[in-house]
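Only one structure is covered here, and it is reproduced in the block below.
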Amino acid sequence: METRNAVILALWLIFFVTFGRAVSKGKSFLPAGQRIWLMFFLSILAFTFWGEAAEASLDQYFHHLPVALYLKYVCLIGVCHLYLQMLREVGSYPQNHTWLDNLAPTAIGLGLLSFVVQALFEPVPLAELRFIIIGARDLVVLLSIVFGFLRGTLSMWRQERVLAMRLKQIAIVLFFACFAITTFGSMSAAVMTILHVGDAPAAARVLQPFIYPAVLFFALMLVPYRWYAGVLHLQRLYTYYRLKRIEQVVTQLAGTPPDPHTLQNVLTHSGELELAIYRTVISILDCYPMIRHTGEANQLVAEIHHCVLHHPDYADLVGALTAIRR
46 METRNAVILA
56 LWLIFFVTFG
66 RAVSKGKSFL
76 PAGQRIWLMF
86 FLSILAFTFW
96 GEAAEASLDQ
106 YFHHLPVALY
116 LKYVCLIGVC
126 HLYLQMLREV
136 GSYPQNHTWL
146 DNLAPTAIGL
156 GLLSFVVQAL
166 FEPVPLAELR
176 FIIIGARDLV
186 VLLSIVFGFL
196 RGTLSMWRQE
206 RVLAMRLKQI
216 AIVLFFACFA
226 ITTFGSMSAA
236 VMTILHVGDA
246 PAAARVLQPF
256 IYPAVLFFAL
266 MLVPYRWYAG
276 VLHLQRLYTY
286 YRLKRIEQVV
296 TQLAGTPPDP
306 HTLQNVLTHS
316 GELELAIYRT
326 VISILDCYPM
336 IRHTGEANQL
346 VAEIHHCVLH
356 HPDYADLVGA
366 LTAIRR
């Protein structure tokens, strides 16, 4: 199986697995959930027919009309419109760019009109039409990314406090960035085709490699939240383990009993992990001033005190304490 086909198959597999789980939990029937799943479906459908060979495999069933070309056109521009609607709902819509509301519907309408004209009269050779339509589509996508998506998504990322969701927002931003880079090649090819100058196919190909990291980040966007949370839970377990070691040293030097919470408690009750980390940090901060001053103890006290002075934020303090090696 070719790499391209394997990637597309993997995307469809991830989509149907995650969608099936959402349906089983009733999450897909919420209005916001329906919009998100439709965006993913349209995006993967567009990726499925990426490239001339894939387009031809569909067009052969429609008397070789450019159906796949226009299908991708409608899908990707439709995704832009749906994503802007989602940003509006969460309060991250760029209010000073309301013209974006009409951009996608207008572009889709003009695109469908051009398809009818092409099907009836064939005024443009298919090879040239392909560059023009892809360039027009990518211009709409680029305008949506620059004036709508990036600002709105970065706003959501700054407001997000759950680390797993912040990672998903980063994947979305990187996906937009990679896809935006590819649009410059296709738009250049469209201009060259219209003006009959330069090598349009070469211009279209030069930035196409960026589509592969875009697909990777798209796949990460599809990954369910709980998968991210599972990986992060392992990281938080390691954080708790490191803090617990420091606490044991501190309480031993201070002559106080350690917090009774054990690693086994948080392994069997994952919901208690953050509370256990918090209690361990408090235990360290309460006990380290009581340490008797000796050579090694002085160094440990100084390191903890440095963390307290220079990391007033709780999350930063946890990270700094975890970095202490004992």
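The numbering of the sequence shown is our numbering, which starts it at 46 and goes up by one.
Glycine included, each C-beta is placed from N, C-alpha and C at the ideal position.
Since we're looking at a predicted model, the values are computed, not measured.
- Within the same chain, Cβ atoms closer than 7 angstroms to the Cβ of Leu208 are found at Leu277, the five residues on either side in sequence being excluded.
- Ile178 places its beta carbon less than 8 angstroms from that of Leu114.
- Contact between the segment 204-218 and the segment 258-267 is present: 3 or more CB-CB pairs across the two stretches fall below 8 angstroms.
- About 5 angstroms separates the beta carbon of Asp183 from that of Ser231, a gap short enough to meet the 8 angstroms contact definition.
- A Cβ-Cβ separation of about 18 angstroms leaves Phe262 out of contact with Phe229 under the 8 angstroms criterion.
- Of the candidates Ala172, Ile291, Ile122, Leu282, Ala172 places its Cα closest to the Cα of Asp244.
- CA-to-CA, the gap between Val363 and Val326 works out to about 7 angstroms.
- Taking a contact to require three or more Cβ pairs closer than 8 angstroms, the segment 86-95 and the segment 48-65 qualify as touching.
- The three-state secondary structure of Thr198, taken from DSSP, is helix.
- When the beta-carbon positions are compared, Ala342 and Ile336 come within less than 8 angstroms of each other.
- With a cut-off of 8 angstroms on Cβ pairs, the segment 133-152 is not in contact with the segment 99-112, counting fewer than three such pairs.
- Annotation for Thr238: Glu173, Phe176, Ile177, Ala245 place their beta carbon closer than 7 angstroms to its own, counting only its chain and skipping 5 residues before and after.
- Around the beta carbon of Ser137, a 10 Å sphere encloses 16 or more other beta carbons of the protein chains shown; the residue is thus reported as buried.
- Look at Arg371 here: in three-state DSSP terms it is coil, with no helix or strand label.
- Inside the segment 129-170, DSSP marks whole alpha helix (DSSP H) runs of 4 or more residues at positions 145-166, from first to last along the chain.
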